[in-house]
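Using UniProt numbering, read the sequence shown as starting at 1 and increasing by one per residue.
Glycine included, every Cβ here is placed at the ideal spot set by N, Cα and C.
No experiment lies behind these values; they were computed from the predicted model shown.
Structure first, commentary second.
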Amino acid sequence: MLQSQPTPKVFISYSHDSTAHKAWVLTLATRLEGNGVAVTLDQWDLKIGGDLPHFMESGLSDSDRVIVVCTDEYVRKANAMQS
Numbered sequence: 001m002l003q004s005q006p007t008p009k010v011f012i013s014y015s016h017d018s019t020a021h022k023a024w025v026l027t028l029a030t031r032l033e034g035n036g037v038a039v040t041l042d043q044w045d046l047k048i049g050g051d052l053p054h055f056m057e058s059g060l061s062d063s064d065r066v067i068v069v070c071t072d073e074y075v076r077k078a079n080a081m082q083s
């Protein structure tokens with residue numbers, strides 16, 4: 001009997017550099033979901049006015065893997081301790 005593999009869970013961390021960049025990240029997340037990966041993405045899972053630091057902490061701790069889309073803006077914000 002074949003055992004099914006558990007669904008991998010990933011958290012995508014990125015900076016909202018531009019509308020085009022956000023769309024690219026959304027496409028990535030959609031493709032991952034289409035290939036059987038459970039994705040935590042702010043565009044889907046964080047409500048307007050939600051607690052961003054809590055969302056990020058939960059996303060990191062509840063996922064099997066983290067995908068970081070690291071741009072210059074991402075690094076700048078991380079170095080400045082911004083979300």
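Item: C-alpha gap between L52 and F11, whole angstroms; Value: 14 Å
Item: Limits of the alpha helix (DSSP H) - the one that T19 falls within; Value: 19-34
Item: Proximity below 8 Å, CB of V75 to CB of S13; Value: no
Item: Endpoints, alpha helix (DSSP H) assigned at S58; Value: 52-62
Item: C-alpha distance - T40 paired with V69, whole-angstrom precision; Value: 14 Å
Item: Beta-carbon proximity list for K77, same chain, < 6 Å, skipping 5 on both sides; Value: S15
Item: Under the three-state DSSP convention, the category K77 falls into; Value: helix
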